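Asker: The listed protein sequences derive, respectively, from chains A and B.
Taking this note's numbering, the leading residue of the first sequence gets 1, the next gets one more, and so forth.
Taking this note's numbering, the leading residue of the second sequence gets 1, the next gets one more, and so forth.
Where is the CB? At the ideal position from N, CA and C, for every residue including glycine.
In this text the structure is predicted, and so the values were computed from the model without any measurement.
There are 2 protein chains.
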Amino acid sequence: MPEKKKITAIDSWGQALTTVSRLLRKFDTTLQESVGISAVWYDVLLRLSYAPNRRMRMQNLSESLILTRSGATRLVDRIEKAGLICREAAAEDRRGYYAILTDEGRAVMRRAKKIHGDDILASFGSHLDSDEQRLVYELMRKVADGNG
Amino acid sequence: MPEKKKITAIDSWGQALTTVSRLLRKFDTTLQESVGISAVWYDVLLRLSYAPNRRMRMQNLSESLILTRSGATRLVDRIEKAGLICREAAAEDRRGYYAILTDEGRAVMRRAKKIHGDDILASFGSHLDSDEQRLVYELMRKVADGNG
DNA sequence: AGACAATTATTGACAATGCAACTAATGAAT
DNA sequence: ATTCATTAGTTGCATTGTCAATAATTGTCT
Numbered sequence: 001m002p003e004k005k006k007i008t009a010i011d012s013w014g015q016a017l018t019t020v021s022r023l024l025r026k027f028d029t030t031l032q033e034s035v036g037i038s039a040v041w042y043d044v045l046l047r048l049s050y051a052p053n054r055r056m057r058m059q060n061l062s063e064s065l066i067l068t069r070s071g072a073t074r075l076v077d078r079i080e081k082a083g084l085i086c087r088e089a090a091a092e093d094r095r096g097y098y099a100i101l102t103d104e105g106r107a108v109m110r111r112a113k114k115i116h117g118d119d120i121l122a123s124f125g126s127h128l129d130s131d132e133q134r135l136v137y138e139l140m141r142k143v144a145d146g147n148g
Numbered sequence: 001m002p003e004k005k006k007i008t009a010i011d012s013w014g015q016a017l018t019t020v021s022r023l024l025r026k027f028d029t030t031l032q033e034s035v036g037i038s039a040v041w042y043d044v045l046l047r048l049s050y051a052p053n054r055r056m057r058m059q060n061l062s063e064s065l066i067l068t069r070s071g072a073t074r075l076v077d078r079i080e081k082a083g084l085i086c087r088e089a090a091a092e093d094r095r096g097y098y099a100i101l102t103d104e105g106r107a108v109m110r111r112a113k114k115i116h117g118d119d120i121l122a123s124f125g126s127h128l129d130s131d132e133q134r135l136v137y138e139l140m141r142k143v144a145d146g147n148g
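1) Taking Cβ-Cβ distances below 8 Å as the criterion, which residues of the segment 109-129 of chain B are in contact with chain A?
2) Kindly list, in the order they appear in chain A, the residues whose Cβ is closer than 7 Å to that of residue 28 of chain B.
3) Following the continuous beta strand (DSSP E) through residue 55 of chain B, name the residue where it begins and the one where it ends.
4) Return the CA-CA distance between residue 98 of chain A and residue 56 of chain A, expressed in angstroms with no decimal places.
5) So what's residue 101 of chain B in DSSP terms, helix, strand or just coil?
6) Using Cβ-Cβ distances below 8 Å, what residues of the segment 9-21 of chain A are close to chain B?
7) Can you pull the chain A neighbours of residue 137 of chain B, defined as C-beta to C-beta under 7 Å?
8) Do residue 23 of chain A and residue 147 of chain B have their CB atoms nearer than 9 Å?
9) Assuming contact is defined by CB atoms lying nearer than 9 Å, are residue 144 of chain A and residue 133 of chain B in contact in what I supplied?
10) Where do the ends of the beta strand (DSSP E) carrying residue 88 of chain A lie?
11) According to the neighbour-count rule (16 or more other Cβ atoms, all chains shown, within 10 Å of its Cβ), is residue 125 of chain A buried or exposed?
12) Mind listing the chain A neighbours of residue 36 of chain B? Cutoff is C-beta to C-beta under 7 Å, in chain order.
13) Whole angstroms are fine: how far does the CA of residue 71 of chain A sit from the CA of residue 82 of chain A?
14) So, do the segment 11-18 of chain A and the segment 45-64 of chain A have three or more beta carbon pairs nearer to each other than 8 Å?
15) Looking at chain A, is there any beta carbon in it that lies within less than 9 Å of the beta carbon of residue 59 of chain B?
16) The alpha helix (DSSP H) with residue 74 of chain A in it runs from where to where?
17) Report the rounded CA-to-CA distance for residue 108 of chain A versus residue 85 of chain A, giving the unit in angstroms.
18) For residue 35 of chain B, which of B/119, B/77, B/129 and B/76 has the nearest alpha-carbon?
19) Specify, as a first and last residue, the run of the alpha helix (DSSP H) that residue 143 of chain B falls within.
20) Tell me whether residue 19 of chain B is buried or exposed, calling it buried when 16 or more other Cβ atoms sit within 10 Å of its Cβ.
21) Give every residue of the same chain whose Cβ lies closer than 8 Å to the Cβ of residue 38 of chain B, excluding the five residues on either side of it in the sequence, and list them in chain order.
22) Leaving out five residues before and five after residue 45 of chain A in sequence, what residues of the same chain have Cβ atoms less than 6 Å from its Cβ?
23) Taking residue 127 of chain B as the reference, which of A/3, A/140 and A/17 has the closest Cα?
24) Identify the contact partners of residue 45 of chain A in chain B, using a Cβ-Cβ distance below 9 Å as the criterion.
This is the structure we're talking about:
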């Protein structure tokens, strides 16, 4: 009879937290060194690159980035200053603004996606087979869905 | 034949990252409101509470917290000022210091563990059965091990 | 023993982020 | 149409964390 240590929700969460934190830091370093952008910037550019017309309202952006709106404002300020995105007033709601990926942003993103994709594969993907990767995806998704 | 969308390592990592980020923020809010400490403080106190003699060298602490040493110095400064931990010079290596859990820190930790444990159960554990929790633990551990 | 490299922790300067307060615009109710 | 609550975004201030440089101590090599 195999001896199995009891794994509590606390253990499970704790391991998820440390693993994700470590990897994130690693990915951030790679991106910074090879493309000159942080993982947070990457996240912004990625979402914009998939958004319709490569643009998102500040509000949506801040939600998907898990940042406060003010945090998003500051972040977009910096990336805009670097020329990778720009702002445009929203025609349909004059309170709002769009953050829009610039051509330069797209170019940076092409390089970054390659580098970062390889990095994820090397540090994360290569240690799990495809079923396991699916499991991680589905379990994490289930937790996320369970929290609204 | 069930149609399954292909899940890449990138999808899997992305979901893990957002789920963990969201939960962490939620946990942080709860701890802050109910015990008056952040999730980071909690992490420090937790590790100290399990460490031999409830003390750890700054170096070890910073590693397990995924923080730079200078970040750990600042963090320990603040928690020390709050009276939850204290510093003590290391006898065996006069360059070093221990961070040590105080009695007050232990008291705070007793309350925090209960609150935070419940929170983890409610937001994470309740959405996964015990096998799934074990899976998350083992998969995340495998990734962590694969990265040194 | 003496010289030099490596390690531990801290500090100053600065970057990033949250909170609360604010402005401008929208929408809903009368 | 006017009023009032709500929403989008930005800003000032405080907090938190990083990076590079520093001081003190230890270890190594001859």
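Answerer: On the basis of the coordinates in this document:
1) Correct list: 117, 120, 121, 123, 124, 125, 126, 127 and 128.
2) Position 28 of the second sequence, counted from the first residue, corresponds to residue 28 of chain B. The premise fails here: residue 28 of chain B is roughly 12 Å from chain A at the closest Cβ pair, so nothing lies under 7 Å.
3) Within the second sequence, the letter at position 55 stands for residue 55 of chain B. First-last of the beta strand (DSSP E) with residue 55 of chain B: 55-57.
4) For the purposes of this step, residue 98 of chain A is taken as the residue at position 98 of the first sequence. For the purposes of this step, residue 56 of chain A is taken as the residue at position 56 of the first sequence. A straight-line Cα-Cα distance of about 5 Å links residue 98 of chain A and residue 56 of chain A.
5) For the purposes of this step, residue 101 of chain B is identified with residue 101 of the second sequence, where counting begins at 1. Here residue 101 of chain B sits in strand by DSSP.
6) Answer set for the segment 9-21 of chain A: 9, 10, 11, 12, 13, 15, 16, 17, 18, 19, 20 and 21.
7) Taking the first residue of the second sequence as 1, we reach residue 137 of chain B at position 137. Simply 7, 11, 12 and 15.
8) Here residue 23 of chain A is taken as the residue at index 23 of the first sequence, counted from 1. Here residue 147 of chain B is taken as the residue at index 147 of the second sequence, counted from 1. Yes, Cβ-Cβ distance for residue 23 of chain A and residue 147 of chain B is below 9 Å.
9) As a first step, residue 144 of chain A is located in the first sequence; it is residue number 144 there, counting from the start. As a first step, residue 133 of chain B is located in the second sequence; it is residue number 133 there, counting from the start. Result no, Cβ atoms of residue 144 of chain A and residue 133 of chain B do not sit closer than 9 Å.
10) Against the first sequence, residue 88 of chain A aligns to sequence position 88. Taken as a continuous stretch (DSSP letters only), the beta strand (DSSP E) holding residue 88 of chain A covers 85-89.
11) On the first sequence, residue 125 of chain A is found 125 positions in, with the first residue counted as 1. Its Cβ being crowded by 16 or more others within 10 Å, residue 125 of chain A is buried.
12) Counting from 1 along the second sequence, the entry for residue 36 of chain B is found at position 36. Neighbours of residue 36 of chain B on chain A: none; closest Cβ ~21 Å, over 7 Å.
13) Taking the first sequence and counting its residues from 1, the one referred to as residue 82 of chain A is at position 82. Taking the first sequence and counting its residues from 1, the one referred to as residue 71 of chain A is at position 71. Distance between the alpha carbons of residue 82 of chain A and residue 71 of chain A is about 17 Å.
14) Between the segment 11-18 of chain A and the segment 45-64 of chain A, the count of Cβ pairs shorter than 8 Å is below three; the stretches do not touch.
15) Here residue 59 of chain B is taken as the residue at index 59 of the second sequence, counted from 1. Not closer than 9 Å to any Cβ of chain A, the Cβ of residue 59 of chain B fails to qualify, so no.
16) Taking the first sequence and counting its residues from 1, the one referred to as residue 74 of chain A is at position 74. Unbroken alpha helix (DSSP H) run through residue 74 of chain A: 69-81.
17) On the first sequence, position 108 is the one that residue 108 of chain A refers to. On the first sequence, position 85 is the one that residue 85 of chain A refers to. Going by the C-alpha atoms only, they are around 11 Å apart.
18) For the purposes of this step, residue 35 of chain B is taken as the residue at position 35 of the second sequence. If you compare the alpha carbons of B/119, B/77, B/129 and B/76 with that of residue 35 of chain B, the shortest gap goes to B/119.
19) Translated into the one-based positions of the second sequence, residue 143 of chain B becomes position 143. Looking at the DSSP string, the run of the alpha helix (DSSP H) that includes residue 143 of chain B is 130-146.
20) Position 19 of the second sequence, counted from the start, is the residue given in the question as residue 19 of chain B. Result: buried.
21) For this step, residue 38 of chain B is matched to residue 38 along the second sequence. Shown here for residue 38 of chain B: same chain residues with a beta carbon closer than 8 Å to its own, the five before and five after excluded, namely 28, 31 and 32 in chain order.
22) The sequence position of residue 45 of chain A within the first sequence is 45, counting from 1. Cβ contact annotation for residue 45 of chain A (same chain, cutoff 6 Å, sequence separation greater than five): 105 and 109, in chain order.
23) The sequence position of residue 127 of chain B within the second sequence is 127, counting from 1. That would be A/140, whose Cα lies nearest to the Cα of residue 127 of chain B.
24) For the purposes of this step, residue 45 of chain A is taken as the residue at position 45 of the first sequence. Neighbourhood of residue 45 of chain A in chain B, by CB distance below 9 Å: empty, with the nearest CB roughly 14 Å away.
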